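A quick write-up on the structure given underneath.
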Amino acid sequence: MDLLSKGERVRNASRKLRLITTEEKNDAISMIAKEIEMHKDVILRANAVDVSNAREKGTKESLIDRLALSESRIQAMVQACREVIVLPDPVGEIESTRLQKDGLRISKERVPIGAIGMIFESRPNVTVDASILAIKSGNSILLKGGSDAINSNKAIVLIMKKALSLAGLPDGSIELVEDTSREVVKEMLEMNQYLSLIIPRGGAALIKFVVDNSRIPVIETGTGNCHIFVDYGA
């Protein structure tokens, strides 16, 4: 399936996801946790291929460590699902209300964004984290991970899509861009007819490229490694 077709699928799914209940969202995320735990061997085998390919290319061990999965890291994915389930549903929450002089009451209410594009580097856990947060907030998501993690991401997304199907959520709630070329990122940033928001997660160069080239609103994230030093006597 080409990129535009996947964009259309996530857009169509977003129109249905915005109407589902909190219970339906939590059931779907619970099913994702169950399926990941049940099929962890599939994920580990796919990840082993990615790690082997990265080593053959001479990738730094520090980057391979970010890429590599283990039973404990997969269990952390499952735990992340459980933690998101107990979070309050943001949809429908009233941020503020004011009464006009003419008696008109105006409220600011949280609603789903729509179809979200997530562009990130080679951390397979982000594939799960981004997906479950999107579902919890009533949004669909189009994932574009780093090329080094393509086999891991394919395995994880296939498992999550099965889980959502079992939970009765619409097709296209989660889609993965399987084209690993850099050109596809630029194409994704121009899909304003399908995507409502882009979130980049990764290094400074990736974030700058997304911000500079996107036709879609972007949440500009930081690059991490933010340190704080607290004096002993503070």
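279 is the number of the first residue of the sequence shown in our numbering; add one for each residue after it. Ideal Cβ placement from N, Cα and C applies to all residues, glycine included. It should be emphasised that the depicted structure is a prediction, and the values quoted were computed from it without experimental measurement.
Query: Could you give the distance in angstroms between the alpha-carbon of E399 and the alpha-carbon of E461?; Result: 15 Å
Query: For a test of the three-state rule: what should DSSP assign to G285, helix, strand or coil?; Result: helix
Query: If we ignore side chains and look at the alpha-carbon of each, how far apart do G416 and K379 end up?; Result: 34 Å
Query: Identify the continuous alpha helix (DSSP H) that holds R493 and give its terminal residues.; Result: Premise fails: R493 is in no alpha helix (DSSP H) and is neither H nor E.
Query: In the DSSP assignment, what residue or residues form a beta bridge with M396?; Result: L421, I477
Query: With a cut-off of 8 Å on the beta carbons, I'd call A306 and L447 a contact; round off their distance for me.; Result: 5 Å
Query: Based on DSSP bridge pairs, tell me the residues matched to K386.; Result: S374
Query: Should I352 and I314 be called a contact, given that it needs their Cβ atoms to be closer than 8 Å?; Result: yes
Query: Under the three-state reduction of DSSP, which class applies to I298: helix, strand or coil?; Result: coil
Query: With DSSP run on the structure shown, which of helix, strand or coil describes E453?; Result: strand
Query: Taking only the alpha-carbon atoms, compute the straight-line gap between L442 and Y510 and give it to the nearest angstrom.; Result: 49 Å
Query: If you drop the 5 nearest sequence neighbours on each side, which residues of the same chain put their C-beta closer than 6 Å to that of L377?; Result: R383
Query: Per DSSP, what kind of secondary structure is S348 in: helix, strand or coil?; Result: coil
Query: Within the same chain, show all residues whose beta-carbon is closer than 8 Å to that of E465, passing over the 5 residues directly before and after it, in chain order.; Result: L281
Query: S283 and I391: beta carbons closer than 8 Å?; Result: no
Query: Considering only the beta carbon of each residue, do E373 and R360 sit closer than 8 Å?; Result: no
Query: For the candidate residues M396, K335, I497, I298, whose alpha-carbon lies nearest to that of P368?; Result: I298
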